[in-house]
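Chemist: Going by UniProt numbering, the final residue of the sequence shown carries number 517, and the count climbs one at a time with no gaps.
C-beta: ideal position from N, C-alpha, C; glycine also.
Take this structure, written in structure tokens, and hold onto it; I'll ask about it next.
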Amino acid sequence: MMQPRESVPESISGIFFAHAAATPEKIALACEGREISYATLAQLVARWSNALAANGVRRGDQIGVILPNNVEFVALILVAADLGAGLVPLSPALPPAVALHSLQAAQARHLVSTSPQLAALRAEPGSDAVHGCWLSIDAAGAGTITLEQLLQAAPADARPLYAGRADDALILTMTSGSTGSPKPIVLTQRTKLNRLRAAVQLYGITAQDRTLAATPLYHSLAERLVLLPLLTGGSAVLMPHFSAQAWLRCVQAQQVSFTIAVSSQLKQIAAHMAQDEHDVSSLRCLVSSSALLENAVKIDLLARFSCDFHECYGASEIAIATNLDGNAARTKLQSVGRPAPGVELRILGENDEQLPSGQAGEIVCKTTMLFGGYFQLPELTRAAMCGEYFRTGDIGKLDEDGYLYFLGRKKDVIISGGINIYPADIEAAIGSHGSVTESAAFAFPDARLGEVVAVALVASDPASFDLRQLRFHCAHALADFQQPRRFFVVEQLPKNSMGKLMKFQLVQTYASSPERE
């Protein structure tokens with residue numbers, strides 16, 4: 001990663017502007033038919049940061065951002081880094097009251113969005129808590145200034161401010177994970193840089209790479225995927241929305257060489273490739289993230305893609321904790337790999353004792369990529385740590401070679417008659433049956449055993465699906481105590497915008513329902 005000149009402290013804006021000076025004509029960002037050079041993007045960022053500073057945005061301020069995937073969102077990340085401000089990215093799909101509550105929780109002073117979003121938020125009681133600059137990227141509105149108006153006041157030859165420092169908060173991401181309880185996670189510029197360097201080391205990223213981001217920018221994955229090329233001198237490709245067909249077309253048209261996709265996307269991509277041929281020969285490295293990928297899907301992807309294939313495990317608080325090289329570790333495909341650079345893993349028992357290989361317990365992680373805590377929630381932050389190790393809340397085990405096997409969320413472990421049953425084992429067995437596209441195992445109340453295994457599943461062909469055959473398969477693939485006692489055939493499993501399963505919704509919906517076949 002190129003370093004900025006000595007007079008500029010190490011920061012994201014310093015590194016970006018160094019690349020812009022070195023390769024001004026190179027394409028920095030491609031999105032929706034627009035190709036933006038490093039020089040053009042650098043000019044936009046410098047003018048925007050100067051204009052916001054003139055309108056009262058200061059180092060340490062929080063800026064709310066509610067935007068779709070677009071050039072302006074990417075530029076704003078760099079603007080915040082240059083100012084030393086923090087971004088609070090939120091989904092445009094959030095109801096105005098929920099969005100405003102999140103902005104207040106993160107103490108956002110300023111807001112950037114579209115005119116309709118700003119008008120809806122302005123109408124909410126308590127919107128005056130966001131009392132700074134309200135900036136619209138399109139049309140003017142009451143109490144707002146447009147981006148065009150803002151930039152008119154900034155000179156065309158504006159210089160970067162370089163006000164940001166490595167320890168400044170860059171992103172306050174409102175994450176619910178799969179728990180439904182949002183928490184603002186603080187990611188500093190130093191944390192972001194450490195995470196980018198780990199990705200460079202793991203996946204061999206260079207200035208020649210064209211990196212695709214196909215998830216929403218209000219999640220940390222897409223932020224990482226646009227910053228990664230911009231801070232290594234490469235080119236970023238940003239998709240406004242994901243579909244398997246659009247992803248495959250984009251890879252071919254933009255000659256994408258590297259990307260990290262969430263596992264639910266890869267399942268759709270593999271299914272689409274089974275029906276139509278696509279040229280994906282430009283891909284050098286493909287990574288699966290965000291949720292466990294079934295072993296059968298990994299094997300299918302390894303057959304369909306001739307590039308390097310990896311799967312990573314982690315969380316917003318720690319980024320990549322482990323990485324599996326699918327080509328180099330064919331006998332370990334059911335694992336999620338070994339610790340990434342700068343990461344130490346342990347498996348802890350009920351009393352926080354370290355467990356030996358082969359025993360299941362909570363996965364804890366010590367890493368140079370650790371988050372900066374939950375914003376204004378010190379007790380929650382302390383509870384998330386075990387000394388220097390972050391408590392993931394996940395259950396797993398390490399084998400003798402140091403490979404990690406993910407078994408499920410700690411809160412999702414099914415305790416039946418005093419025996420721990422891990423949902424991942426059930427889901428893997430059901431996933432090996434050809435009639436099921438995906439499944440989720442969860443606890444179902446039982447008067448005698450306390451809990452039994454229930455499964456919600458999506459049938460590959462609902463018209464011909466035969467639950468008796470699946471029961472027979474489970475009888476041979478699982479132990480007696482692991483046998484599912486309830487099956488619920490559904491059209492789709494509940495997931496968030498990153499494709500993560502919202503298992504708590506299954507419990508709420510089906511834990512007191514009769515079986516559906």
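Could you tell me the alpha carbon to alpha carbon distance between residue 31 and residue 446, rounded to whole angstroms?
Modeler: Within the sequence shown, numbered from 1, the residue matching residue 31 stands at position 31. Within the sequence shown, numbered from 1, the residue matching residue 446 stands at position 446. Going from the Cα of residue 31 to the Cα of residue 446 covers about 52 Å.
Chemist: Over the uninterrupted alpha helix (DSSP H) stretch that includes residue 423, give me the two end residues.
Modeler: Translated into the one-based positions of the sequence shown, residue 423 becomes position 423. Taken as a continuous stretch (DSSP letters only), the alpha helix (DSSP H) holding residue 423 covers 423-431.
Chemist: What residue from 462, 229, 11 has the CA that sits closest to residue 207's CA?
Modeler: Mapped onto the sequence shown, residue 207 falls at position 207. Ranking 462, 229, 11 by Cα distance to residue 207 puts 229 first.
Chemist: Just to confirm before moving on: does the CB-CB distance between residue 90 and residue 64 stay below 8 Å?
Modeler: Looking up residue 90 in the sequence shown gives position 90. Looking up residue 64 in the sequence shown gives position 64. Contact flag set, yes.
Chemist: Which residues bound the alpha helix (DSSP H) around residue 192?
Modeler: Working through the sequence shown from its first residue, we reach residue 192 at position 192. Residue 192 -> alpha helix (DSSP H) spans 189-203.
Chemist: Go through its chain and collect everything with a Cβ distance to residue 6's Cβ below 7 Å, but skip five positions before and after it.
Modeler: Here residue 6 is taken as the residue at index 6 of the sequence shown, counted from 1. Low confidence applies here, because residue 6 scores a pLDDT of 43, under 50, leaving its location unreliable; read the following figure in that light. Around residue 6: no qualifying Cβ.
Chemist: Find the nearest neighbour of residue 420 within the set 431, 403, 185, 396, judged by alpha-carbon distance.
Modeler: Translated into positions along the sequence shown, residue 420 becomes position 420. Closest by alpha carbon: 396.
Chemist: Please report the residue range of the alpha helix (DSSP H) in which residue 374 lies.
Modeler: For the purposes of this step, residue 374 is identified with residue 374 of the sequence shown, where counting begins at 1. It is not in any alpha helix (DSSP H) - residue 374 carries neither H nor E in the DSSP assignment.
Chemist: Can you tell me where the beta strand (DSSP E) with residue 445 in it begins and where it stops?
Modeler: The sequence position of residue 445 within the sequence shown is 445, counting from 1. Residue 445 -> beta strand (DSSP E) spans 436-446.
Chemist: Thinking just about the alpha-carbon of each residue, which of 428, 33, 42 is nearest to the one in residue 24?
Modeler: For this step, residue 24 is matched to residue 24 along the sequence shown. Comparing Cα-Cα distances from residue 24 to each of 428, 33, 42, the minimum goes to 42.
Chemist: Quick check: the Cα distance between residue 307 and residue 205, rounded to an integer number of angstroms?
Modeler: The count along the sequence shown starts at 1 and reaches residue 307 at position 307. The count along the sequence shown starts at 1 and reaches residue 205 at position 205. Computed Cα separation, rounded: 14 Å.
Chemist: Measuring straight from C-alpha to C-alpha, what distance separates residue 356 and residue 367?
Modeler: Within the sequence shown, the letter at position 356 stands for residue 356. Within the sequence shown, the letter at position 367 stands for residue 367. For residue 356 and residue 367, the distance between alpha carbons rounds to 20 Å.
Chemist: Going by Cα to Cα distance, which pick from 71, 470, 502, 86 is closest to residue 58?
Modeler: For this step, residue 58 is matched to residue 58 along the sequence shown. It is 86.
Chemist: Which residue marks the beginning of the alpha helix (DSSP H) containing residue 521, and which one marks its end?
Modeler: Because the chain here runs from 1 to 517, residue 521 falls outside it and cannot be looked at.
Chemist: Which runs of the alpha helix (DSSP H) at least 4 residues long sit entirely within the segment 324-389? Give them in chain order.
Modeler: Counting whole runs of 4 or more residues, the segment 324-389 contains the alpha helix (DSSP H) stretches 378-383.
Chemist: Go to residue 288, then tell me how far its alpha helix (DSSP H) extends in each direction, as first and last residue.
Modeler: As a first step, residue 288 is located in the sequence shown; it is residue number 288 there, counting from the start. Here residue 288 belongs to no alpha helix (DSSP H); instead the beta strand (DSSP E) covers 285-289.
Chemist: State the DSSP-derived secondary structure class of residue 12, mapped to helix, strand or coil.
Modeler: Mapped onto the sequence shown, residue 12 falls at position 12. In this structure, residue 12 counts as helix in the three-state DSSP scheme.
Chemist: Assuming contact is defined by CB atoms lying nearer than 8 Å, are residue 480 and residue 442 in contact in what I supplied?
Modeler: For the purposes of this step, residue 480 is identified with residue 480 of the sequence shown, where counting begins at 1. For the purposes of this step, residue 442 is identified with residue 442 of the sequence shown, where counting begins at 1. Their beta carbons are not under 8 Å apart, which means residue 480 does not touch residue 442 by this criterion.
Chemist: Could you name the residues that DSSP lists as bridge partners for residue 134?
Modeler: Position 134 of the sequence shown holds residue 134. According to DSSP, residue 134 bridges with 111.
Chemist: Since residue 518 contacts residue 162 with CB under 8 Å, what's their CB separation in whole angstroms?
Modeler: Residue 518 is absent from the structure shown; the chain starts at 1 and stops at 517.
Chemist: Name the residue from 370, 358, 213, 376 whose alpha carbon lies nearest to the alpha carbon of residue 401.
Modeler: Taking the sequence shown and counting its residues from 1, one reaches residue 401 at position 401. The shortest C-alpha separation from residue 401 is found at 358.
Chemist: Straight-line CA distance for residue 311 to residue 202?
Modeler: To locate residue 311, count along the sequence shown from 1; it is residue 311. To locate residue 202, count along the sequence shown from 1; it is residue 202. In a straight line, the C-alpha of residue 311 is about 11 Å away from that of residue 202.
Chemist: Excluding the 5 residues flanking residue 415 on each side, which residues of the same chain have their C-beta closer than 7 Å to its C-beta?
Modeler: Position 415 of the sequence shown, counting from 1, holds the residue named residue 415. Answer for residue 415: 450, 451, listed in chain order.
Chemist: Where does residue 392 sit, in a helix, a strand or coil, going by DSSP?
Modeler: Within the sequence shown, residue 392 is the residue found at index 392, counting from 1. Residue 392 falls in the strand class under three-state DSSP.
Chemist: Looking only at DSSP bridge pairs, what is residue 215 linked to?
Modeler: For the purposes of this step, residue 215 is taken as residue 215 along the sequence shown, with counting starting at 1. Paired residues: none, contrary to the question.
Chemist: Determine whether the beta carbon atoms of residue 321 and residue 291 lie at a separation below 8 Å.
Modeler: In the sequence shown, counting from the first residue as 1, residue 321 sits at position 321. In the sequence shown, counting from the first residue as 1, residue 291 sits at position 291. Result no, Cβ atoms of residue 321 and residue 291 do not sit closer than 8 Å.
Chemist: According to DSSP, is residue 183 helix, strand or coil?
Modeler: One-based indexing of the sequence shown puts residue 183 at position 183. Strand, per DSSP.
Chemist: Relative to the C-alpha of residue 505, which candidate in 393, 298, 455 has its C-alpha closest?
Modeler: Residue 505 sits at position 505 when you count from the first residue of the sequence shown. When each option's Cα is compared against that of residue 505, the closest is 455.
Chemist: Run through DSSP, which three-state label would residue 166 get?
Modeler: Here residue 166 is taken as the residue at index 166 of the sequence shown, counted from 1. If DSSP states are grouped into helix, strand and coil, residue 166 belongs with coil.
Chemist: Check whether the Cβ atoms of residue 115 and residue 82 sit closer than 8 Å, and answer yes or no.
Modeler: Here residue 115 is taken as the residue at index 115 of the sequence shown, counted from 1. Here residue 82 is taken as the residue at index 82 of the sequence shown, counted from 1. For residue 115 and residue 82, no; Cβs fall outside 8 Å.
Chemist: Out of 394, 328, 385, 375, state which residue places its alpha-carbon closest to the alpha-carbon of residue 360.
Modeler: Here residue 360 refers to the residue found at position 360 of the sequence shown. For the residues 394, 328, 385, 375, the minimum Cα distance to residue 360 belongs to 394.
Chemist: Around the Cβ of residue 323, are there at least 16 other Cβ atoms within 10 angstroms (buried) or fewer (exposed)?
Modeler: To locate residue 323, count along the sequence shown from 1; it is residue 323. Per the 10 Å Cβ criterion, buried.
Chemist: Count the other C-beta atoms from every protein chain shown that fall within 10 angstroms of the C-beta of residue 93, then say buried if there are 16 or more, exposed otherwise.
Modeler: In the sequence shown, residue 93 corresponds to position 93, counting from 1. Residue 93 should be labelled exposed.
Chemist: Would you please verify whether the beta carbon of residue 506 is less than 8 Å from any beta carbon of chain D?
Modeler: Annotation note: the requested chain D is absent from the structure, which comprises a single protein chain.
Chemist: Return helix, strand or coil for residue 24, following the three-state DSSP convention.
Modeler: In the sequence shown, residue 24 corresponds to position 24, counting from 1. Coil, per DSSP.
Chemist: List the DSSP bridge partners of residue 405.
Modeler: Within the sequence shown, the letter at position 405 stands for residue 405. Per DSSP, 397.
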